[in-house]
Amino acid sequence: MASVFTQIVNGDIPCHKILEDDQYLAFLDINPIRPGHTLAITKREIDYIFDLEDNLLSGLMIFSKKILLAKQITIL
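Position one of the sequence shown corresponds to residue 138 (this note's numbering), numbered consecutively onward.
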């Protein structure tokens, strides 16, 4: 059975997308810690984040940085 994140990536579960490309997806958390709480995930289903290849893991961090920088600009 596909994880909840795979179901979101596949469009089976709706989400409020913040940013998306061919490898990653960022969307608002349904139980946010604070307004704007965003989750960034790979579109590849894995069990443990450190099972990702180095290039996909580092790409996730770069993808997440884009979201953070965009949020900082809109807050200012």
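Note that beta-carbon positions come from the ideal geometry of N, C-alpha and C, so glycine has one too.
No experiment lies behind these values; they were computed from the predicted model shown.
Residue pairing of Lys154 in beta bridges, as defined by DSSP: Phe164. Cβ-Cβ distances below 7 Å link Lys203 to Leu156 in the same chain, with the five nearest sequence neighbours on each side left out; the list follows chain order. Between the region 146 to 160 and the region 174 to 189, the count of C-beta pairs closer than 8 Å reaches three or more; the two stretches touch.
In this structure, the alpha-carbon of Asp188 lies about 9 Å from that of Leu194. In the structure shown, Leu176 adopts extended strand secondary structure according to DSSP, grouped into three states.
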